[in-house]
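Some notes on the structure that comes next.
There are 2 protein chains.
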Amino acid sequence: MRVDETTKQHGEGDDEDGPWPGGVVAPAPPSIDGPPFRAVGFTVSSVGYAVARRFRQTLAPLQLEPREFALLRAISAAEGLSQQAAAERLQIPPSRMVAFVDALEARELLERRHNPLDRRTRTLYLTPAGHELLAHALVLAAELENHLCAQLNGAERELLLDLLQRVGSQLGLEVGKHAVHAHSALAHE
Amino acid sequence: MRVDETTKQHGEGDDEDGPWPGGVVAPAPPSIDGPPFRAVGFTVSSVGYAVARRFRQTLAPLQLEPREFALLRAISAAEGLSQQAAAERLQIPPSRMVAFVDALEARELLERRHNPLDRRTRTLYLTPAGHELLAHALVLAAELENHLCAQLNGAERELLLDLLQRVGSQLGLEVGKHAVHAHSALAHE
DNA sequence: TATTGTTATACTCTATAACTATA
DNA sequence: TATAGTTATAGAGTATAACAATA
Chain W
23 MRVDETTKQH
33 GEGDDEDGPW
43 PGGVVAPAPP
53 SIDGPPFRAV
63 GFTVSSVGYA
73 VARRFRQTLA
83 PLQLEPREFA
93 LLRAISAAEG
103 LSQQAAAERL
113 QIPPSRMVAF
123 VDALEARELL
133 ERRHNPLDRR
143 TRTLYLTPAG
153 HELLAHALVL
163 AAELENHLCA
173 QLNGAERELL
183 LDLLQRVGSQ
193 LGLEVGKHAV
203 HAHSALAHE
Chain C
23 MRVDETTKQH
33 GEGDDEDGPW
43 PGGVVAPAPP
53 SIDGPPFRAV
63 GFTVSSVGYA
73 VARRFRQTLA
83 PLQLEPREFA
93 LLRAISAAEG
103 LSQQAAAERL
113 QIPPSRMVAF
123 VDALEARELL
133 ERRHNPLDRR
143 TRTLYLTPAG
153 HELLAHALVL
163 AAELENHLCA
173 QLNGAERELL
183 LDLLQRVGSQ
193 LGLEVGKHAV
203 HAHSALAHE
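Just so you know, the sequences run in chain order W and C.
Residue numbers for the first sequence follow this note's numbering, beginning at 23 and rising by one.
Residue numbers for the second sequence follow this note's numbering, beginning at 23 and rising by one.
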């Protein structure tokens, strides 16, 4: 073995609430109890991580992972898109996408169809059950959003979004615009 | 004996900026281009993830990972604490902590000492090089913080922290207070 | 020859639990 | 017997690259 360090992790999975969310790895924070504590970077990162974790828990009853949710949503928004097109949108390697689609297809939430124009590609469509589950997941997501904003009034909510976007723009993010990346969102994990 | 280190490559390369930070997996986002887009949960999660990723890149030149940074910082704040005490603070399993300490000790950034009062425990101390590297890392972290807040004035910065803490409190977080968790912070990943 | 989807292989990280040396 | 640290084993997840079918 090597030792090395360890590095990354990510994880996922598991979670529920374990300290180290499944694989969600988590690198490390800038401080333990010193100055960086009231830092914007540290705070945004911490809260964002907690939100992602909670979102995963929220979806757990549906047996759905955040990335699966993102995939169903992407297909719903553009039915008939190819597997690799979806992979590109969600920033998931094509080889990984196979397993994701396999799992959801086995549960009959979506189906692969052959594209008559190009028999190499497989187009993706949600099944009725898939639409239903997605709708349910969207309700849960909306409820979570309400819960998160319980201590904010409308103006404060908009202000928070504005401030966050300014921070995000410093990193090249264009949140609130579109473009999503399966892992950037409530992903973390 | 413990590991050989010899491997050190991982560090580098990994992430830098690859879509999937090292191993940072990333679950998934709540939406692809629909409603959840201007959602607080989605935005906080996305920005937090980006910040964590950037923090990792910021530390890369020092060959330091976020969690290693957190460990050095924890030791600095409480020199002489035991390995397992540090593990508990950072929410890292004791068995994993071994590799972390091994790596940093091999680089002579910290050292293990025996506790004369209880020879089972190993107390941790930073070496001069460790203090130096940590100081350097703190400078980089401060620079990142400034960069992130470049579009905010003092009042806006405080306001953002306040709003984020309100969201965090909905999840049981007590950011800005203390208590850190190696992975929650600029960790994510 | 290039591309889509798939499979195969190797590697990393993690957790669990055994093991040692102390107490 | 219990605890701090260590090591060993096994498993989950990913990336890389090789592969088949189609273009």
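By construction, the Cβ of each residue, glycine as well, lies at the ideal position given by its N, Cα and C atoms.
At a cut-off of 8 Å between beta carbons, Ser104/W makes no contact with chain C.
When the Cα atoms are used, Leu160/C and Cys171/W turn out to be separated by approximately 33 Å.
Of all residues in the region 69-84 of chain W, the ones placed with a Cβ closer than 7 Å to any Cβ belonging to chain C are Val69, Gly70, Tyr71, Ala72, Val73, Ala74, Arg76, Phe77, Arg78, in chain order. For Asn137/W, the secondary structure class from DSSP, reduced to helix, strand or coil, is coil.
With a cutoff of 8 Å on beta-carbon distance, Ser67/W and Gly70/C are scored as near each other.
Of the other Cβ atoms in all chains shown, fewer than 16 fall within 10 Å of the Cβ of Ala121/W; this residue is therefore exposed. Per DSSP, the unbroken alpha helix (DSSP H) holding Arg76/C starts and ends at 62-81. In the three-state reduction of the DSSP assignment, Arg95/C falls in the helix class, which pools H, G and I. Neighbours of His169/W in chain C, taken as residues whose beta carbon is under 7 Å from its own, are Gln192 in chain order. Going by DSSP, Arg144/W is part of no alpha helix (DSSP H) but of the beta strand (DSSP E) stretching over 144-148.
Annotated three-state conformation of Leu132/W is strand, per DSSP. In the same chain as Thr149/C, and ignoring 5 residues on each side of it, the C-beta atoms closer than 7 Å to its own belong to Glu130, Leu131, Leu132, Glu133, in chain order. If you check the CB distance, Thr80/W and Leu183/W do not come in under 8 Å.
Comparing C-alpha distances from Arg142/W to each of Leu112/W, Ser104/W, Ala125/W, Ala151/W shows the shortest one belongs to Ser104/W. For Ala151/C, the closest C-alpha among the options Gln173/C, Arg144/C, Ala61/C, Ala128/C is that of Ala128/C. Between His136/W and Arg144/W, the gap from beta carbon to beta carbon is short of 8 Å.
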